[in-house]
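There are 2 protein chains.
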Amino acid sequence: MTDKIPELEILFELADLFKVFGDSTRLRIMYTLFDGENSVGEIAEALNMEQSTISHQLRVLRTNKLVKIRREGKQIYYSLDDDHVKKIIEMGLDHVLE
Amino acid sequence: MTDKIPELEILFELADLFKVFGDSTRLRIMYTLFDGENSVGEIAEALNMEQSTISHQLRVLRTNKLVKIRREGKQIYYSLDDDHVKKIIEMGLDHVLE
DNA sequence: TGAACATATGAATAATCGTTCATATGATAT
DNA sequence: ATATCATATGAACGATTATTCATATGTTCA
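See the structure below:
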């Protein structure tokens, strides 16, 4: 029994992770959170996009443990969950910027 | 004039880059190339997938400058084009493996 | 030149996914 | 309780994309 099957499963998970980074709206959301936490409304306003769109994408980010939330009254503040997020984006930027 | 517009364009490019990493077939191809160059046929056999599928995806990888080629007779050998490729994948693995 | 092999390409199909619209849930304050 | 504000959710639509099949291109060798 080889160890290639577990590797295969991990590569599937890895693809799923990169898929999350592969959308400009989600990237912009994460980039917005580089400076610190923001509420859903603040993010929507900053990106000039519908609240619903942002909310849907925040759920994707949260499902993948890339952002976490803090509740305060009516608002929900989102922030990056992990140092990896910044690192992965910065590593990608290195490549894009040659 | 703010510098947010160029950043926006860059984030679009960045999303396109991550999209390339967001497919398990392409990830498996790149992972196969961690050990060194392989021909199209070798990759297809290693992944047990159609030659055509691999060829299509290699073109995506090549268009995005993630792999480069070396011709030798009838075969074309593909290899990773860039250290960033390995680094980005490894960074993602860090996250997936907790 | 023609046969055999390796790789690339184009069209078609099926599946995935982002956005929008409408509405629901949840929280606060009067 | 109810009105208001913030966020979430579900369904539907359109667009993108991975794979397959069939075929084309390109290379070697006899």
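In the order they appear, the protein sequences are chains A and B. Residue numbers for the first sequence follow our numbering, so the first one is 1 and each next one is one higher. Residue numbers for the second sequence follow our numbering, so the first one is 99 and each next one is one higher. Think of the CB as a built atom: it goes at the ideal place given N, C-alpha and C, for glycine as much as any other residue.
Residues near residue i by beta carbon distance below 8 Å, same chain, minus five either side
i	result
residue 64 of chain A	16, 17, 20
residue 186 of chain B	119
residue 58 of chain A	29, 40, 43, 67, 78
residue 147 of chain B	123
residue 92 of chain A	21
Start-to-end residues for the alpha helix (DSSP H) that takes in residue i
i	result
residue 42 of chain A	40-47
residue 90 of chain A	83-96
residue 131 of chain B	Element bounds for residue 131 of chain B: n/a, residue is neither H nor E.
For residue i, the first and last residue of its enclosing beta strand (DSSP E)
i	result
residue 68 of chain A	67-72
residue 80 of chain A	75-80
Under 9 Å from the C-beta of residue i: neighbouring residues of chain A
i	result
residue 182 of chain B	91, 92, 94, 95
Cutoff 7 Å; reference residue i; Cβ partners in own chain excluding five residues on either side
i	result
residue 183 of chain B	128, 164
residue 158 of chain B	118, 124
residue 126 of chain B	145
residue 172 of chain B	none
residue 132 of chain B	184
Chain-ordered neighbours of residue i on chain A, where CB pairs are closer than 7 Å
i	result
residue 109 of chain B	24, 27, 28, 31
Interface partners of residue i on chain B, CB under 7 Å
i	result
residue 87 of chain A	189
CA nearest to the CA of residue i, picked from the options
i	options	result
residue 121 of chain B	A:35, A:32, A:10, A:28	A:10
residue 54 of chain A	A:78, A:72, A:74	A:78
residue 174 of chain B	B:135, B:196, B:110, B:188	B:135
residue 95 of chain A	B:191, B:194, B:193, B:179	B:179
Cβ shell of residue i (< 6 Å), same chain only, five flanking positions each side left out
i	result
residue 70 of chain A	77
residue 8 of chain A	none
- Query: Closer than 7 Å, Cβ to any Cβ of chain A: which residues of the region 111-133 of chain B, in chain order?
  - Reply: 111, 112, 113, 115, 116, 117, 119, 120, 121, 122, 125, 126, 129
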